[in-house]
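All the letters of the sequence shown, read from the start, carry residue numbers -19 to -1, 1 to 137 under mature numbering (1 follows the signal peptide of the UniProt record, and there is no 0).
Here a beta-carbon is modelled for each residue, glycine too, at the ideal position from N, C-alpha and C.
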Amino acid sequence: MTKIFFTVSILSLLSAVQTLDIRCYACTTIDANAMLSEISDPNWLRWLENVRYVPFSQKCIDYFEVDQALRDGVRSNECSNGVCMKMIFQEKNGISHVWRSCIPNAKEQIRSDCTKITSGEGNLEVCTCDGNLCNIGTTRNWLIGVLLAFAFLLLK
């Protein structure tokens, strides 16, 4: 009887934890006005206008150091039933722009993944994740995490 109670308690706790909202880092190194003035597609424009609502910080770079970033105005915001996002645009001249934020109400529609697009303007990479403050990492850190998880499964 104790085992059943313990198992039901653990399952209830896990189910409650999964329904909790997560938090995501919110910041950008993008000059929103300059970027938005160059966008003509209304769908992209509507989505990218959200970059106006996160703090601008040079500490929001790809190699993110939490303590320095938070002192520079980076926030961690609640992400209601959503996923965290990190977008990196690297221009052909090597200059990178980063945007970290939440995509609310997207937990059921967007899975944790990275997508890379290359064009004549540069490279765009968008990564999403569904863990608390998970949009901290660089692409390499996420890849290391996936590889470690895969190795762990193979060793079982």
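Per DSSP, the beta bridge partners of residue 67 are 81, 108. Rounded to whole angstroms, the gap between the alpha carbons of residue 91 and residue 64 is 7 Å.
Residue 58 has 5 as its beta-bridge partners, per DSSP.
In the structure shown, residue 98 adopts extended strand secondary structure according to DSSP, grouped into three states. Contact annotation: residue 80 and residue 32 have beta-carbon atoms nearer than 9 Å. The Cβ neighbour count for residue 74, taken over all protein chains shown within 10 Å, is under 16; the residue is labelled exposed. For the stretch 8 to 58, the continuous alpha helix (DSSP H) assignments of 4+ residues that do not extend past its boundaries occur at 13 to 18, 23 to 29, 47 to 52, in sequence order.
By the criterion of a C-beta distance shorter than 6 Å, residue 54 is surrounded in its chain by 36, 38, once the five residues flanking it on both sides are discounted. Judged by beta-carbon spacing, residue 88 lies within the 9 Å limit of residue 62, meaning their Cβ atoms are closer than that value.
Measuring C-alpha to C-alpha distances from residue 11 to each of 4, 51, 40 identifies 40 as the nearest. Here residue 9 is buried, its C-beta having at least 16 other C-beta atoms within 10 Å. With 16 or more other CB atoms across the displayed protein chains lying within 10 angstroms of its CB, residue 82 is buried.
Between the alpha carbons of residue 4 and residue 59 lies a distance of about 4 Å. Residue 110 holds the alpha-carbon nearest to the alpha-carbon of residue 85 among 20, 110, 102. If you ignore the 5 residues before and after residue 20, its C-beta comes within less than 7 Å of the C-beta of 26, 29, all in its own chain and listed in chain order.
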